[in-house]
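Novice:
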Amino acid sequence: MKEFRFAVKNTIPIFFTYLFIGIAFGILMSDAGYSILLTTASSLFIFAGSMQLLMVPMMTSGASLTSLAFMAFFINARHIFYGIGFIEKFRRMGWRYPYMILTLTDETYSVLCSVKYEANLDEDRAAFMIAMLDHLYWVFGSFIGACAGQFLQFDMSGIDFSATAFFLIVVVNQWQQYRSKLPFLTAAVCALGFYLLLGKEYFLIPAMITCLIALILLRRPIEIKEGIPNE
Amino acid sequence: MNNTAYLIAVISVITIVTWILRAFPFLLFGSRPLPKTIQYLGSVLPPAIMMVLVIYCLRNMNIGQFPYGIPELIACTLIVILQLIRKNMYLSIIAGTACYMVLIRVV
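Protein chains in written order, with this note's numbering: chain A, 7 to 237; chain B, 1010 to 1116.
(1) To be precise: take each residue of the region 1071-1091 of chain B, compare its Cβ to all Cβ atoms of chain A, and keep it if any distance is under 7 Å. Which residues remain?
(2) Assuming P19 of chain A is part of the alpha helix (DSSP H), what are its boundary residues?
(3) Only counting the same chain, and skipping five residues up and downstream in sequence, which positions put a Cβ closer than 6 Å to that of T23 of chain A?
(4) Between the region 173-190 of chain A and chain B, which residues of the former have CB atoms less than 7 Å from a CB of the latter, in chain order?
(5) In the region 16-47 of chain A, which residues sit with their C-beta less than 8 Å from some C-beta in chain B, listed in chain order?
(6) Between the region 169-187 of chain A and the region 72-91 of chain A, do at least 3 Cβ pairs fall closer than 8 Å?
(7) Does Y201 of chain A pass the burial test, meaning 16 or more other C-beta atoms within 10 Å, or should it be called exposed?
(8) Please find out if some non-hydrogen atom of the ligand MN comes closer than 8 Å to the beta-carbon of G1078 of chain B.
(9) Is the beta carbon of G199 of chain A less than 9 Å from the beta carbon of S36 of chain A?
(10) Should K122 of chain A be flagged as near chain B, meaning a C-beta pair shorter than 9 Å?
(11) Determine the DSSP secondary structure at P1076 of chain B, reduced to helix, strand or coil.
(12) Against chain C, with Cβ distances strictly below 9 Å, would N1011 of chain B count as a contact?
(13) Assuming L1043 of chain B contacts E94 of chain A (C-beta within less than 8 Å), just tell me the rounded distance between them.
(14) Would you identify the three-state DSSP class for E237 of chain A, choosing helix, strand or coil?
(15) With distances taken Cα to Cα, identify the nearest neighbour of Y143 of chain A among A:N16, A:F79, A:R11 and A:I20.
(16) Residues of chain A with a CB under 9 Å from the CB of A1014 of chain B: which are they?
(17) Below 8 Å CB to CB, which residues in the same chain sit around Y184 of chain A once its five sequence neighbours on both sides are set aside?
(18) Is V1063 of chain B close to chain A? Criterion is C-beta to C-beta, closer than 9 Å.
(19) Distance check for T46 of chain A and L1093 of chain B, CA to CA, integer angstroms please.
(20) Can you list the alpha helix (DSSP H) stretches of 4 or more residues lying completely in the region 1024-1100 of chain B, in chain order?
(21) Output the distance between the C-alpha atoms of R102 of chain A and M135 of chain A, rounded to the nearest integer angstrom.
(22) Within 9 Å (strictly less), CB to CB, does L221 of chain A reach chain B?
(23) Going by beta carbon distance, what residues of the same chain come within less than 8 Å of A1084 of chain B, once the five residues before and after it are set aside?
(24) Can you find the residues in the same chain that come closer than 7 Å, C-beta to C-beta, to S116 of chain A, ignoring five residues on each side of it along the sequence?
(25) For the alpha helix (DSSP H) holding G199 of chain A, just list the boundary residues, first then last.
(26) Pick from B:L1087, B:L1054, B:I1029 and B:V1022: whose alpha carbon is nearest that of L218 of chain A?
(27) Which term fits F76 of chain A, buried or exposed, when burial requires 16 or more other beta carbons within 10 angstroms of its beta carbon?
(28) How long is the line joining the alpha carbons of L74 of chain A and N1012 of chain B, rounded to whole angstroms?
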């Protein structure tokens, strides 16, 4: 199983992030009085870290299903943009196609964007293993947190920075690969602009939409720099 | 509604919303050939999205108030420098995260 080994190697950074954030989620759920089974089930089905961490205090305060649905929409709307780069790749993956779509989290997306497949690997199988391992780490972490919540009292605050670190490393690597720096600069300007304008709670989705439009408008200069010929 | 029924309803609702969002581009384009613009976006969106995600992760940093986002800035600088020089992802993540975890405790 060389694809499996390859997937393990490429998901190690996610292992730590998901394990610890999963444990944090499990502890929150067990403190709120929810069962191990349902805690694990929510990680298995929802598989969206920030939403799951947010749903616990919302449930404790008895939030309505409608307000939870709205919150899920606003927090996870960014996922709409992730699929765009993978439509053709996932389509070719047969029975794995629906699974790949439904497990496309921030972290899995960033691994799939940055991974360099070795020549002797079945790429589709390796991509599937990456998605599955990430999913497994998350479910496993929540399970541990739910089981051992009361006993794990050491202070792990700040461990979630490992996700930020991983995203930043992907950006550094991409910066060196892409000849045109316009996608990075456009994204930074959009994100910082809307952050200053709308504040930290609301800037993400407007920033992504504006960035997408700006990138469509900048298509010629970017393609020229990347060496894609005019059709 | 008792607690268990409520939680099952919450899980179902959030799962459905999240799955629809993730499936949206795939449902939109079905099995038709992709328009050129979408193919282009597929190649250029990843770096843009990752850039936005980094800023999104740092959104709770408060520049105007102590500790002025210093832990984040130092840890991020360390990660970028290590990654450029050593090109070892594991080293960069471990050193960056450890540095951040120490800084938020001592600063």
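For glycine and all other residues, C-beta sits at the position ideal for the given N, C-alpha and C. Owing to the predicted nature of the structure, the values given are computational and were not obtained by experimental measurement.
Specialist: Taking the coordinates as given:
(1) A1084, C1085, I1088 and V1089
(2) K8 to D37
(3) S168 and A169
(4) F173, L174, I175, V176, V177, V178, Q180, Y184, P189 and F190
(5) I18, P19, F22, G39, Y40, S41, L44 and A47
(6) no
(7) buried
(8) No copy of the ligand MN occurs in the structure displayed, which carries no ligand at all.
(9) no
(10) no
(11) coil
(12) This model lacks chain C altogether; the protein chains it does include are A and B.
(13) 6 Å
(14) Per-residue confidence for E237 of chain A stands at a pLDDT of 49, beneath the threshold of 50, marking its modelled position as unreliable; the derived number appears in the next sentence. E237 of chain A: coil per DSSP, three-state reduction.
(15) A:I20
(16) Result: empty, since nearest Cβ-Cβ is about 11 Å, beyond 9 Å.
(17) F190 and E232
(18) yes
(19) 39 Å
(20) 1045-1066 and 1079-1095
(21) 10 Å
(22) yes
(23) G1105, T1106, C1108, Y1109 and L1112
(24) F172, F173 and V176
(25) L188 to L204
(26) B:L1054
(27) exposed
(28) 15 Å
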